[in-house]
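Following: one structure in structure tokens, then a few remarks.
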Amino acid sequence: MTVLETAKKMIDYSHGNLHDINHFMKVYAYAKMIADGEQLDPDTQKLVEMTALVHDIACPLCRVKYGNTNGKNQEKESAALIAEFFKDSNLPQDFTDRISFLVSHHHTLDQIDGIDYQIIIEADYLVNADESHFSGHNIKNMYDKIFKTETGKFLLRSMYQNCLENETL
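Take the sequence shown: its letters are residues 1 to 169, numbered as in UniProt numbering.
Okay, here's the thing in structure tokens:
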């Protein structure tokens, strides 16, 4: 399964929910950009890009089951959905297991254990900060405590410079 095939399948999976599609496509774009900037090996690059595309796979289920898309509920519901999504792919099991782990932890900031995880956190935050109108204080806190990649930090500083006018980086 390629990144393109994953994107097409995820768009179809979203049943025309443009908010969801636009969100994961933006996260994908930032994840790809950060991964390119950090010069990942091709396998890790592919893993990051595919994870970004499917990172919110549980949102439709969570809306029905819980009435919201709370991050912890997404994490709880993701593993079974990821297994089903990739079951007929030609991807190695350890590859899809890592995607499942990352998707099942993409709202957990205190267990980041690799560059792939770091990039997913950073890319998702870049999009969520805009969509949820995060404060300059929140953005500065993420910059200081969570963002680690040079590319991610550059994007956060550049994109949210107006929000950060009264904060010190």
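Quick reminder that beta carbons are idealized off the backbone N, C-alpha and C, glycines included.
Here the structure is a predicted model, which is why all the values come from computation and not from measurement.
Exercise. State the Cα-Cα distance for the pair Ile112 and Ile11, rounded to the nearest angstrom.
Key: Within the sequence shown, residue 112 is the residue found at index 112, counting from 1. Within the sequence shown, residue 11 is the residue found at index 11, counting from 1. So the two alpha carbons sit approximately 28 angstroms from each other.
Does DSSP classify Leu91 as helix, strand or coil?
-> Indexing the sequence shown from 1 puts residue 91 at position 91. Coil, per DSSP.
Legend entry - Status (buried if at least 16 other CB within 10 Å, exposed otherwise) for His23: Start at 1 with the first residue of the sequence shown, and residue 23 comes out as number 23. The residue is buried, with at least 16 neighbouring Cβ atoms inside 10 Å.
Q: Go through the UniProt domain "HD" (20 to 129) residue by residue and report every complete run of the alpha helix (DSSP H) that reaches 4 residues or more, in order.
A: 42 to 54, 59 to 66, 71 to 86 and 93 to 103
Q.
Buried or exposed, going by whether 16 or more other CB atoms sit within 10 Å of the CB of His137?
A. Working through the sequence shown from its first residue, we reach residue 137 at position 137. Exposed is the call here.
Near the ligand SAH: Met25 beta-carbon under 8 angstroms from a heavy atom
Absence of the ligand SAH is noted for the structure shown, with no ligands found whatsoever.
Exercise for review: Go ahead and pull the three-state DSSP assignment for Phe154.
Suggested key: Counted from its first residue, the sequence shown places residue 154 at position 154. Note: Phe154 maps to helix in three-state DSSP.
Which of the three DSSP states, helix, strand or coil, is assigned to Ile11? The residue you call residue 11 lines up with position 11 of the sequence shown. Reduced to three states, the DSSP call for Ile11 is helix.
| field | Buried or exposed by the 16-neighbour rule on C-beta atoms within 10 Å, applied to Gln118 | value | On the sequence shown, position 118 is the one that residue 118 refers to. Gln118 is buried by the Cβ-count criterion.
**Residue closest to Tyr160, alpha-carbon to alpha-carbon, out of Met142, Lys148 and Thr149** = Within the sequence shown, numbered from 1, the residue matching residue 160 stands at position 160. Nearest C-alpha to Tyr160: Met142.
Item to complete: Ignore the nearest five residues each way along the sequence and tell me which others in Val54's own chain have a CB closer than 8 angstroms to its CB.
Response: Against the sequence shown, residue 54 aligns to sequence position 54. Sequence-distant Cβ neighbours of Val54 in its own chain, meaning closer than 8 angstroms and more than five residues away, are Thr6, Met10, Phe24, Ile82, Phe85, Ile99 and Val103.
Next item on the list: Give the straight-line distance between the Cα atoms of His105 and Glu75, rounded to the nearest whole angstrom.
Entry: Reading the sequence shown from its first residue, position 105 is the one you call residue 105. Reading the sequence shown from its first residue, position 75 is the one you call residue 75. If I take the Cα positions, the gap works out to 6 angstroms.
request  = Give the secondary structure of Ile146 by DSSP, where H, G and I count as helix, E and B as strand, and everything else as coil.
outcome  = Numbered from 1 along the sequence shown, position 146 holds the residue referred to as residue 146. Three-state DSSP puts Ile146 in coil, outside helix and strand.
TODO: Inspect the beta-carbon positions of Ile21 and Ala123 and report whether they are closer than 9 angstroms.
DONE: Walking along the sequence shown from the start, residue 21 turns up at place 21. Walking along the sequence shown from the start, residue 123 turns up at place 123. No, the pair does not count as a contact, with Cβ atoms beyond the cut-off.
Quick check: the Cα distance between Arg157 and His107, rounded to an integer number of angstroms? Locating residue 157 in the sequence shown gives position 157, counting from the first residue. Locating residue 107 in the sequence shown gives position 107, counting from the first residue. So the two alpha carbons sit approximately 21 angstroms from each other.
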